[in-house]
Every structure is written in structure tokens, then in C-alpha cells.
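K.L.:
For the record, the sequence lines run as chains A and B.
Reminder that position 163 of the first sequence reads as 163 in full-length UniProt numbering, one-by-one numbering, no gaps.
Reminder that position 404 of the second sequence reads as 404 in full-length UniProt numbering, one-by-one numbering, no gaps.
Note that beta-carbon positions come from the ideal geometry of N, C-alpha and C, so glycine has one too.
Here the structure is a predicted model, which is why all the values come from computation and not from measurement.
What follows is a structure written as C-alpha cells; I'll ask about it next.
There are 2 protein chains.
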Amino acid sequence: MSKPLKVVLLGAGVVGSQVARIILDEGDTLEARIGRRLELVGIGVRRMDVERPGIDPALLTTDLESLVARDDLDIVIELIGGIDPARSLVRTAISNGASVISANKALLAEDLGELSRLAEEKGVDLHYEAAVAGAIPIIRPLRESLVGDDITEVMGIVNGTTNFILDKMVTDGVSFDSALAEAQQLGYAEADPTADVGGHDAAAKAAILAGLAFHTEVKGQDVFTEGITGVTEADIAAAESMDCTVKLLAVAKLADDDRITVKVHPAMVAKKHPLAAVRGAYNAIFVNSREAGELMFLGAGAGGSPTASAVMGDVVTVGRNRRRGTAAHMSSGYTRRQVAPIGESRAQFYVSFEVEDRPGVLAKCAAVFGDHNVSLRVVQQSYLEDEVHEEGFPARLGVMTHTTTESALADVVAELRESDFVGSEVRVMRLEGF
Amino acid sequence: MSKPLKVVLLGAGVVGSQVARIILDEGDTLEARIGRRLELVGIGVRRMDVERPGIDPALLTTDLESLVARDDLDIVIELIGGIDPARSLVRTAISNGASVISANKALLAEDLGELSRLAEEKGVDLHYEAAVAGAIPIIRPLRESLVGDDITEVMGIVNGTTNFILDKMVTDGVSFDSALAEAQQLGYAEADPTADVGGHDAAAKAAILAGLAFHTEVKGQDVFTEGITGVTEADIAAAESMDCTVKLLAVAKLADDDRITVKVHPAMVAKKHPLAAVRGAYNAIFVNSREAGELMFLGAGAGGSPTASAVMGDVVTVGRNRRRGTAAHMSSGYTRRQVAPIGESRAQFYVSFEVEDRPGVLAKCAAVFGDHNVSLRVVQQSYLEDEVHEEGFPARLGVMTHTTTESALADVVAELRESDFVGSEVRVMRLEGF
């Protein structure tokens, strides 16, 4: 019989413990699928004093550096997350000839280009299906299935926590704070929810998706990021009145000038768009490409088992490659497309503000948009007699624009804020799916 | 510069002409993605006397046998469809060391196992993303992304023609015949629609999906197949009354005894299930697996450009493998799971029939189900005074059963048909998504 493939696992948390269980319990099945047996030779953990049922304590070590410094490893599975020490551990593993599987979106959003080149140079695999949208197969479809096509747009709900919170706000009519509290109670949100609600988790995933879709290098810091902490019940109601629902979207688009825009922000999504129907903690990725047209991928975006499923798919793929003595990795950063500054990014917007109730005010407001070449698609005016409103501004205007640049819109908003016929609060939300 | 990869294209119809155009027009882009240039060295066609703008006539030949008999080919793209002569052409190509890309569901449903073994033996690739659900990446996710998981169910709308027809019947309340006529007018259905409306096209795809999902060999003839020609407006209305919609489904499930069931049939799908919302000529595949949970893949299921997108994804993948001197193919027929006879397949059913209006009839009907151990979930009784009904049977019973076997249900139906308190027509439809 051929020698088993030596596997090291870094991290034994929610996902890592599931991966360990599958490798240890499903040895025969995995061997049938790979054509070689997997041998788990070590598990790197932060603390030894945690109960880990079913795992031989002799496998555990807190010395992760020594674990990956072995030169006889076939596969290193990195599930510890964060930039350091994950970065140096992954580099050491690749340099020593191991193929690497990582679910570490933060590291990949920072370092995917360099790690890909290192893997290519060393002739090993680097796979990371679990880094974006949990169990949903999206990395491989982008890297392989759609690689003969030209993608023009990738848009997704890639953070289950924020989708759960926004869904609660829509369905139960509650505030952000109360929806967040419920998400924390149910374990969907962490005690410190900043990475999720601030959009940073989604931004890392957007960078990875954009890089793959457009064959270039995009880093987390290139992604314009706006979280959902500022989304109010009024925004949700305004979306409803426009037959939309509010979602936190990761959006990457190819512009006419071959530059790309990559951004994460709450958006009013038209209800007829398939992303509008994605409920609870689910994730979904919508892809538009020249030949294939519109595609959507839907599934569980997080959780131990779904993420472990994605990791194990990579383990079998990499295992098969090791058995054949090959590696299927290819860095895809060959187009060197530029990320356009956010001001030049184009979108449709919804702008809402309170105004004086005097003849000619609507015309003056419309003129502000017109002066900046922003044309209007829908204008809704309502009177706020029975609602709380700023004194002297008893009417509300809700305006949907046609496509324009972020900078033109920002100019409009700045001018509206300075106008004496407009109340002090001007709210803006981007539109998608029209 | 390294030598180009030699490509032969078999078939220049709707999909083939798109593939030729992309290879000829996008040479630089494809070279950047593959790392080698593609050289289209020949196109096998049935007839020479067709206008083919943009294609050098010197590339064309009707002698397909000689084309694939060359021993210097890297990639053969088979888009002619049908079993013969496609089978021998593909075998010749593989035997001569070419990797093969095929969109031929009929051939693969018949011969995937043998062709896979031949490809493995010759160390070449066999890819067929375009054979099922057009542009939707489903083959690669099943073969690779989910290969570390255990799939329990694959269920899909894999034929756009029938989905268009059923959608028309639901939306416009028209008959099957009139919806089919409209589909033919719009080019969604062929002049001879048998392969689509009879479910045979879907059955071939079901065989391919089931084989991949359950790592075994399934042939088209193993698939229980029932088309949509018998679906009536009354069935559509009955579905509506049960908060369902009628879809032609390809269904493959793993049973408790490790056998699988594979079938194609119209089904009443609960509206809350994501497949119920798939409209028009779209395709969608729903996958349930142990670790990943529920996943859905949605997109255009047919058409020249979407199918060409899937073919070109395979071309780039195979091209990269040729460049590296490797092949990623692995036959997955190692579980040798049995396909259970349809009678032992389990499902929930909707049964509808007209009955006498006499005391005790409902009890007698219920007893027929009970005698065969079929338990009832919902019973709807309605009176047909103003509707056409069989004389003497003025009431209608609509019954939803709990899960039971096909054979038990068949026994129930046979007994109902023989009962003097039941009208002559007993209609049955399977349920999914509850």
C-alpha cells in the first residue's frame, strides 16, 4: 500500500474540531476518494487545557512553528485566523513543500498574491474555498468554471451575522441595537461584533472575490467599507416604500475603462432581485458574466460543519493532486487591473431629507441634483404632520437617482446640507438590483 | 515561446460556433489565463454548405474520424451530441492522448464510467461542465468542492423548456398544448419536443448528477422517467390550493440502506422551497449534504453563450493541466451503490379523485390508504356542483400522504380505481420540499 499523506491541522476551534473529527472518523471514505490515506500527524492549538473529545492528546501541541517546519508534510490546514502568526506559518509550510488549505479571509485579503506566487514557485497547492461564504462553492467556480468567461459583476451577501440582523429589522420592525442583541443571544454575533457589523469581514471576502473574478490583486484596504451600524428603522421603511429590502452587500464591478470598483455597504435591493430573498444567516453570491449571464449561489455562509465541508473538499482535491504529484494552483493576478477610487465608482442612490413646506422647494431641490448632473428616477414627497420631524421642515423628499458617480452624489448631499430649505439630516443609501 | 495547445472542435452549431468565436477572438486573454496559446486546428461539421462568418473555411471538415485520429492533439471539444458517432470519436481522441471536453449528456449518461476509466488510464482529462444545467457550475462543485462531504440529496430543475412550459401554465392559466406551442414559437422548444417534455433530457442529466453526487455509476436507463405531457390545468390548480407549484424535477436521493433512487417527474413543490421560485427557462440545482447543509445553484440552463461559457471554463482548466503535464480527472464510481427499483423509492404524494356523495365514503377512502399503511397528512374535500364531474361522483377528495413507497401508493391507487365509490380517474403527483 502507498504511504499515507501527512496532514497538519492548525487550530481546533469550531471549524478545526469538525475537520479533525472528519479526518479521524472517515478515514476509509476519504481514502477511497483521494486514492491515498490521510494521516493526521499534529494539531496546533493555543491552549492545551481544553477538553477535546475523540482527539488523541498526543497529537496536540502549542508549538505551531515546529509543526509546520517539518519537511515531510503533504497538507497543512490553517484554521487559526488573523494575520499573525498565520502568515509566517503558511509561508513556512509552503516553503517546506506542503500544500496549504486556509479559511483565513483576513490573511488572504492581505497576502493572496504573494502566497499564490510562493505556492506556484514551490509547485504546491493553495486552496481556500472556506474563506468566502462558508460551504457555498464559489472560489472554485470563479477560479475554474468561469475562467473561460468574462465576469462583469460579483455581488453577494457574504456575512451571515449582518444579514440576520437586517432581516430581523425588516421582519420584526426592531431597531439595529435590539436585532444585534438578539443575534448575540443566539450566537450569530460575537460579544465584540465590530468585524461583522462594521463590514470588515465582508470587505476581506470582497477583496478575495474581486481578485479572482477580475484576475488581479485586490487587498482588503482597497475595499470601500461601510457597515450597518448606521442603518435605521426609517431606512428600512423607506426601502419598503420603494419595494426594496436592505442588505449588506459586497460588490465588485468591472467599469467601462477596465478599472474595477470594490465596495461593501448596506444597499436597498429591489425585491425582484434574487439577493433580496436571502433570509436569516444564509449567504448568497450573484455573478454576472458576458457569456453565462446571471448565476446565483446560495447556502450556509458560516458554522462549523458547513465551513468544514468546504475545507474537506479542498483536502480531497489537494490530496488527489499530491497523489498524482501535481498541483493545480495558478495565481490569477495577471491583468493588473486598477481599483478605481471610490469617488469615481458609479451607482444609483436613494437620498432622503426633510424640507420646508413652501412653493418652489421641490424645484430648488431638483435643481441641486441637476446642477451636479445627477438625474432623478423617482421622487416621493410626503407630509410629516403626525410624525416626528425637524421644526420648520414638515415634508420629506425621497429621491431615487439614475446611475451617477459617488463624488457627484457627495457634492449633491453637501449642497443639500447647506441649503436653508433642507433639514439638517440627509440620508443616503445605494441601490442595487434595478 | 512555448508551443500552442492544439484544439479540435467537433460541431459548429449554436454552442460550437460560440466556442469557435471565443477561441479565435480571445486568443490573448485565453493565453494569459492558460499560460499557453490555443490553436484551433480543425472543426468537424456535418455540412460544409452553411454560412459560418468569421471562421476560416480551411479549418472545416466533414471527416471527423480523421480529425480525432491525429496523435498531436491536446484538447478535443465534442459538441455534436447523441450517442453515435460521438462515442467512438471521443474514445479515439482519448486513446490518442487528447483531453476531452464534452457537453454530450446523452453519451455521458450512457458511458461516463467507461470513458472516465479510459481517460484515467491514458492520463488525460475528461470534463463536462456544460452537459448539465448549461452555465451553472455544478459538475465541478460536485466533483471537487463537495467531495469531502456526504451528499444526501440532489434535486434540480435541469430542463429549461419544461420549466418554461410549466411556468406558463401556472402564470397564464393555459393548457399544456398551448404553453408548448408558445415555447416552440419562442424557440424554447424544438419542433419535436419529445426529449424535453418526455423527461428524457432531464433523465440523462439526473444520471450524471446522481453518479457524481453518490460516487457510483448511474445510467440514463436506471432513471425512472415521467414527463410533463400529462400535466393538466387541474393539477396546476390543485398544486395552487396546496400552496405548491408544479415543476419537472430531477431527483437523486441516498436512502437509509445506502441505495439510491434517481427519478425525473413532475412534482408539486412547496412554495417556500427555493426551487419553487425558479422561473421561465432558468435552471437550478438544490443540494443537501451532511456537513454543508442546503446549497442552491441558479442560472441559465441552456443557450449558445451560457453553454459556451461552461465549455470554455473546461478548456482553460484542461489547458492549464496540459501546460503542467498533468490531468485532474478521477473516476468516482468507487462506491458501487445500487439504484433501488422505483417501487421501493420513498416519497410523499398528492392523490386526487372524485367520489360519491354518501355518508361513510370518506371513511372508506381513508381505509384504502390505511390498509396499505399509507398515512394521510392533509385531506381536502370539495363539492363539484358547478364543475364538470363524472356522473354520480359529485365530490372531490385531494389527499396529501406522509412519506411512503411508490409500490404502496400504486396499490392504493389500484384499489381506489376498482372501488365503486370512486370515479374512474385517480390522479397522482409526487410532492417535494415539505
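1) Say whether the stretch 139-149 of chain A touches the stretch 121-137 of chain B, bearing in mind that this needs 3 or more beta-carbon pairs closer than 8 Å, one atom from each stretch.
2) From the DSSP output, read off the bridge partner residues of glutamine 18 (chain A).
3) Classify proline 341 (chain A) as buried or exposed, calling it buried when 16 or more other Cβ atoms lie within 10 Å of its own Cβ.
4) For chain B, find out if any of its Cβ atoms is closer than 8 Å to the Cβ of tyrosine 334 (chain A); answer yes or no.
5) Give the single residue among B:Val374, B:Glu391, B:Met400, B:Asp357 whose Cα lies nearest to the Cα of tyrosine 383 (chain B).
6) Could you tell me which residues DSSP puts in a beta bridge with proline 266 (chain A)?
7) According to DSSP, is lysine 219 (chain A) part of a helix, a strand, or is it coil?
8) By the 10 Å Cβ neighbour count, where 16 or more other Cβ atoms means buried, how is glycine 319 (chain A) classified, buried or exposed?
9) Can you list, in chain order, the residues of its chain with a C-beta nearer than 8 Å to that of methionine 169 (chain A)? Leave out the 5 residues immediately preceding and following it.
10) Quick check on DSSP: helix, strand or coil for histidine 127 (chain B)?
11) Residues in its own chain within less than 7 Å of glycine 16 (chain B) by CB, not counting five upstream and five downstream?
12) Would DSSP call residue 444 (chain B) helix, strand or coil?
13) Is the shortest distance between the beta-carbon of arginine 140 (chain A) and the beta-carbons of chain B less than 8 Å?
14) Quick one: which chain B residues come within Cβ less than 8 Å of valine 316 (chain A)?
15) Need the endpoints of the beta strand (DSSP E) that alanine 284 (chain A) sits in, please.
16) Residues of the stretch 281-297 of chain B with a CB closer than 7 Å to any CB of chain A: list them in chain order, please.
17) My parser needs the alpha helix (DSSP H) runs of 4 or more residues fully inside the UniProt domain "ACT" (350-430) of chain A; what are they?
18) How many Å lie between glutamate 26 (chain A) and tyrosine 188 (chain B) at the Cα?
19) Report the rounded CA-to-CA distance for isoleucine 75 (chain A) versus threonine 161 (chain B), giving the unit in angstroms.
20) Answer yes or no: do alanine 270 (chain A) and glycine 433 (chain A) have a C-beta to C-beta separation smaller than 8 Å?
21) Give the single residue among A:Leu24, A:Asn321, A:Ser309 whose Cα lies nearest to the Cα of glycine 54 (chain A).
22) Can you tell me where the alpha helix (DSSP H) with alanine 181 (chain B) in it begins and where it stops?
23) Starting from glutamate 129 (chain A), find everything on chain B with Cβ-Cβ shorter than 7 Å and list it in chain order.
24) Does the CB of arginine 37 (chain A) have a neighbour CB from chain B at under 8 Å?
25) Please state whether the Cβ-Cβ distance between valine 428 (chain B) and phenylalanine 349 (chain B) is less than 8 Å.
26) Which chain A residues are close to threonine 326 (chain B), counting only those with a beta carbon under 9 Å from its beta carbon?
27) Cutting at 7 Å between CB atoms, please list the residues of its own chain near alanine 195 (chain B), excluding the five before and the five after it.
28) Mapping the DSSP letters down to three states, classify lysine 168 (chain A) as helix, strand or coil.
29) When the distance is taken between beta carbons, is histidine 273 (chain A) closer than 8 Å to glutamate 226 (chain A)?
30) Decide if glycine 156 (chain A) is buried, meaning its Cβ has at least 16 other Cβ atoms within 10 Å, or exposed.
31) Here's the rule: buried if 16 or more other CB atoms are within 10 angstroms of the residue's CB, otherwise exposed. What is serine 424 (chain A)?
32) Excluding the 5 residues preceding and the 5 following arginine 21 (chain A) in the sequence, name in chain order all residues of the same chain whose CB lies nearer than 7 Å to its CB.
33) Does any CB atom of chain A fall closer than 8 Å to the CB of proline 137 (chain B)?
34) Is it the case that the stretch 59-74 of chain A contacts the stretch 86-105 of chain A, given that we only count it when at least three CB pairs across the two stretches are under 8 Å?
35) Can you give the beta carbon distance from arginine 430 (chain B) to alanine 206 (chain B), rounded, assuming they're within the 8 Å contact cut?
36) Which value, in whole angstroms, describes the spacing of the CA atoms of leucine 254 (chain B) and serine 289 (chain B)?
P.N.:
Put simply:
1) At 8 Å Cβ cutoff, the stretches touch.
2) In the first sequence, counting from the first residue as 1, residue 18 (chain A) sits at position 18. In DSSP, glutamine 18 (chain A) forms no bridge with anything.
3) Your numbering for residue 341 (chain A) matches position 341 in the first sequence. Looking at its Cβ environment, which holds fewer than 16 other Cβ atoms inside 10 Å, proline 341 (chain A) is exposed.
4) As a first step, residue 334 (chain A) is located in the first sequence; it is residue number 334 there, counting from the start. Contacts with chain B at 8 Å (Cβ-Cβ) include tyrosine 334 (chain A).
5) For the purposes of this step, residue 383 (chain B) is identified with residue 383 of the second sequence, where counting begins at 1. Closest option to tyrosine 383 (chain B), Cα to Cα, is B:Asp357.
6) Residue mapping note: residue 266 (chain A) aligns to position 266 of the first sequence, counting from 1. In the DSSP output, where bridge partners are listed per residue, proline 266 (chain A) has A:Leu248.
7) For this step, residue 219 (chain A) is matched to residue 219 along the first sequence. In the three-state reduction of the DSSP assignment, lysine 219 (chain A) falls in the coil class, being assigned neither a helical nor a strand state.
8) Start at 1 with the first residue of the first sequence, and residue 319 (chain A) comes out as number 319. Glycine 319 (chain A) should be labelled buried.
9) Working through the first sequence from its first residue, we reach residue 169 (chain A) at position 169. Within the same chain, Ser175, Phe176, Ala179, Val231, Glu233, Ile236, Val246 come within 8 Å of methionine 169 (chain A) by CB-CB distance, once the 5 residues on both sides are set aside.
10) The sequence position of residue 127 (chain B) within the second sequence is 127, counting from 1. Reduced to three states, the DSSP call for histidine 127 (chain B) is strand.
11) On the second sequence, residue 16 (chain B) is found 16 positions in, with the first residue counted as 1. For glycine 16 (chain B), where only same-chain residues beyond five positions count, the Cβ hits under 7 Å are Leu9, Leu79.
12) Beyond the ends of chain B as shown, which are 1 and 434, falls residue 444 (chain B); an answer cannot be given.
13) Taking the first sequence and counting its residues from 1, one reaches residue 140 (chain A) at position 140. Flagged as an interface residue toward chain B: arginine 140 (chain A), by a C-beta distance shorter than 8 Å.
14) Within the first sequence, numbered from 1, the residue matching residue 316 (chain A) stands at position 316. Simply Glu144, Val147, Gly148.
15) Numbered from 1 along the first sequence, position 284 holds the residue referred to as residue 284 (chain A). Unbroken beta strand (DSSP E) run through alanine 284 (chain A): 282-289.
16) Per Cβ criterion, the list reads Ser289, Glu291, Ala292, Gly293, Glu294, Leu295, Met296, Phe297.
17) The alpha helix (DSSP H) runs lying completely inside the UniProt domain "ACT" (350-430) of chain A and spanning 4 residues or more are 361-371, 406-418, given in chain order.
18) Against the first sequence, residue 26 (chain A) aligns to sequence position 26. Against the second sequence, residue 188 (chain B) aligns to sequence position 188. Rounded to whole angstroms, the gap between the alpha carbons of glutamate 26 (chain A) and tyrosine 188 (chain B) is 45 Å.
19) Numbered from its first residue, the first sequence carries residue 75 (chain A) at position 75. Numbered from its first residue, the second sequence carries residue 161 (chain B) at position 161. Approximately 45 Å between the Cα atoms of the pair.
20) Taking the first residue of the first sequence as position 1, residue 270 (chain A) is located at position 270. Taking the first residue of the first sequence as position 1, residue 433 (chain A) is located at position 433. Yes, Cβ-Cβ distance for alanine 270 (chain A) and glycine 433 (chain A) is below 8 Å.
21) Within the first sequence, numbered from 1, the residue matching residue 54 (chain A) stands at position 54. Per the Cα distances, A:Leu24.
22) Within the second sequence, numbered from 1, the residue matching residue 181 (chain B) stands at position 181. Here the alpha helix (DSSP H) through alanine 181 (chain B) covers 176-185.
23) Within the first sequence, the letter at position 129 stands for residue 129 (chain A). The CB of glutamate 129 (chain A) comes closer than 7 Å to the CB of Ser145 in chain B, given here in chain order.
24) Counted from its first residue, the first sequence places residue 37 (chain A) at position 37. It does not; no Cβ of chain B falls within 8 Å.
25) Your numbering for residue 428 (chain B) matches position 428 in the second sequence. Your numbering for residue 349 (chain B) matches position 349 in the second sequence. A distance below 8 Å separates the beta carbons of valine 428 (chain B) and phenylalanine 349 (chain B).
26) For this step, residue 326 (chain B) is matched to residue 326 along the second sequence. Within chain A, the residues near threonine 326 (chain B) are Asn321, Arg324, Gly325, Thr326, Ala327, Ala328.
27) Sequence index remark: in the second sequence, residue 195 (chain B) carries index 195 (1-based). Excluding the 5 residues flanking it on each side, alanine 195 (chain B) has same chain C-beta neighbours closer than 7 Å at Asp201, in chain order.
28) Translated into the one-based positions of the first sequence, residue 168 (chain A) becomes position 168. DSSP, reduced to helix, strand and coil, places lysine 168 (chain A) within a helical segment of the structure shown.
29) Here the question's residue 226 (chain A) lines up with position 226 in the first sequence. Here the question's residue 273 (chain A) lines up with position 273 in the first sequence. It is not a contact, given that the beta carbons lie outside the stated cut-off.
30) Residue mapping note: residue 156 (chain A) aligns to position 156 of the first sequence, counting from 1. Residue environment for glycine 156 (chain A): buried (at least 16 other C-beta atoms within 10 angstroms of its C-beta).
31) Locating residue 424 (chain A) in the first sequence gives position 424, where the first residue counts as 1. Serine 424 (chain A) comes out exposed.
32) Sequence index remark: in the first sequence, residue 21 (chain A) carries index 21 (1-based). Annotation for arginine 21 (chain A): Gly54 place their beta carbon closer than 7 Å to its own, counting only its chain and skipping 5 residues before and after.
33) Working through the second sequence from its first residue, we reach residue 137 (chain B) at position 137. It does: the Cβ of proline 137 (chain B) has a partner Cβ on chain A nearer than 8 Å.
34) The stretch 86-105 of chain A, when compared against the stretch 59-74 of chain A, does touch it at the 8 Å Cβ threshold.
35) Translated into the one-based positions of the second sequence, residue 430 (chain B) becomes position 430. Translated into the one-based positions of the second sequence, residue 206 (chain B) becomes position 206. Cβ atoms of arginine 430 (chain B) and alanine 206 (chain B) stay farther apart than 8 Å, at about 14 Å.
36) On the second sequence, position 254 is the one that residue 254 (chain B) refers to. On the second sequence, position 289 is the one that residue 289 (chain B) refers to. Going from the Cα of leucine 254 (chain B) to the Cα of serine 289 (chain B) covers about 10 Å.
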